[in-house]
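Asks: Quick one: the structure is below, and I'll ask about it shortly.
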Amino acid sequence: MKGSNITVPASGAGLLERVSRTAERHQKEQRPAVSDVDLFARHLRGDHDALMRLFDRHNERLWLYVARIISDGSGANDIMQDLWERIIYLRKKKTETPQNPVGYCYRMARNLSLNFIRSRKGNVPIDDLTEAEHPIVEIVEPTDQEELLRLALERLPEAYREVLVLNAWSGYSFEEIAEMLGKQPGAIHTTAYRARKRLAEIMETLSGEEERE
């Protein structure tokens, strides 16, 4: 990444090792918990260590969020590179600290993901995320059920897929997702319910298609 020592790791093993070292360092330092708002504010003032801590804290789940939306591990790497470069550039623009830095990053990731999809004019290839070099996704052959789930996610409406990914894979609560997307928690809960129901229907349809083949 230009102008910074931050790079999106190219290999899962390398990232695991790096995250492990970072965790050990933070544990040894016994630092008090620092909020994302404080870290983001310090980054905007030129504190490179604050940016690194934000990266170590959120990059993995952001990557998975993007990869699930676009179903393209390689494309997710490019998007994450772009995202962190933009966050670095905010310092030069003297941007004010967002009230919810995590939500800010996810909205940016979402917009970049949608731009990526539009750039391919809706022709989104179904890449096997298990082949992406990232620690969250094990590099193994997917089971039939995993493959079915991946295909079903591809057929979900975008709004449904986004909420499911944030909740089921990234682990955010409905309240947190609502804050990220600028919606009411009740609306997110309803979307998640409908998304799970629709996902089950799609998986049942796909399963029936496989049995007939």
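Residue numbering for the sequence shown follows my numbering, beginning at 1255 and increasing consecutively.
Note that beta-carbon positions come from the ideal geometry of N, C-alpha and C, so glycine has one too.
(1) Within the continuous alpha helix (DSSP H) that includes residue 1310, where are the two ends?
(2) Could you check whether residue 1406 and residue 1442 sit closer than 7 Å to each other, using their CB atoms as the reference points?
(3) Can you grab the Cα-Cα spacing for the pair residue 1292 / residue 1409, in whole Å?
(4) In the DSSP assignment, find the alpha helix (DSSP H) that holds residue 1346 and state where it starts and stops.
(5) Measuring only the C-alpha atoms, how far is residue 1368 from residue 1301?
(6) Cutting at 6 Å between CB atoms, please list the residues of its own chain near residue 1241, excluding the five before and the five after it.
(7) Is it buried or exposed, residue 1303, if we count other Cβ atoms within 10 angstroms and call 16 or more buried?
(8) Should residue 1417 go down as buried or exposed, given a rule of 16 or more other Cβ atoms within 10 Å for buried?
(9) Indicate the three-state DSSP secondary structure (helix, strand or coil) for residue 1411 in the structure shown.
(10) Could you name the residues of the same chain whose beta carbon sits closer than 8 Å to that of residue 1333, not counting the 5 residues immediately before and after it, in chain order?
Replies: A quick look at the data gives this:
(1) Walking along the sequence shown from the start, residue 1310 turns up at place 56. Note, residue 1310: alpha helix (DSSP H), 1302–1324.
(2) For the purposes of this step, residue 1442 is taken as the residue at position 188 of the sequence shown. For the purposes of this step, residue 1406 is taken as the residue at position 152 of the sequence shown. Cβ atoms of residue 1442 and residue 1406: not closer than 7 Å.
(3) Residue mapping note: residue 1292 aligns to position 38 of the sequence shown, counting from 1. Residue mapping note: residue 1409 aligns to position 155 of the sequence shown, counting from 1. Rounded to the nearest angstrom, the two C-alpha atoms are 39 Å apart.
(4) On the sequence shown, position 92 is the one that residue 1346 refers to. Where residue 1346 is concerned, the enclosing alpha helix (DSSP H) stretches over 1327–1346.
(5) Numbered from its first residue, the sequence shown carries residue 1368 at position 114. Numbered from its first residue, the sequence shown carries residue 1301 at position 47. Near 31 Å, if we compare the C-alpha coordinates of residue 1301 and residue 1368.
(6) Because the chain is modelled from 1255 through 1467, residue 1241 falls outside the range shown and cannot be assessed.
(7) As a position in the sequence shown, residue 1303 is number 49, starting the count at 1. That one is exposed.
(8) Stepping through the sequence shown from its first residue, residue 1417 is reached at position 163. Per the 10 Å Cβ criterion, buried.
(9) Working through the sequence shown from its first residue, we reach residue 1411 at position 157. Note: residue 1411 maps to coil in three-state DSSP.
(10) As a first step, residue 1333 is located in the sequence shown; it is residue number 79 there, counting from the start. Counting only Cβ-Cβ distances below 8 Å, and skipping sequence neighbours, we find 1320, 1324, 1363, 1366, 1367 and 1370.
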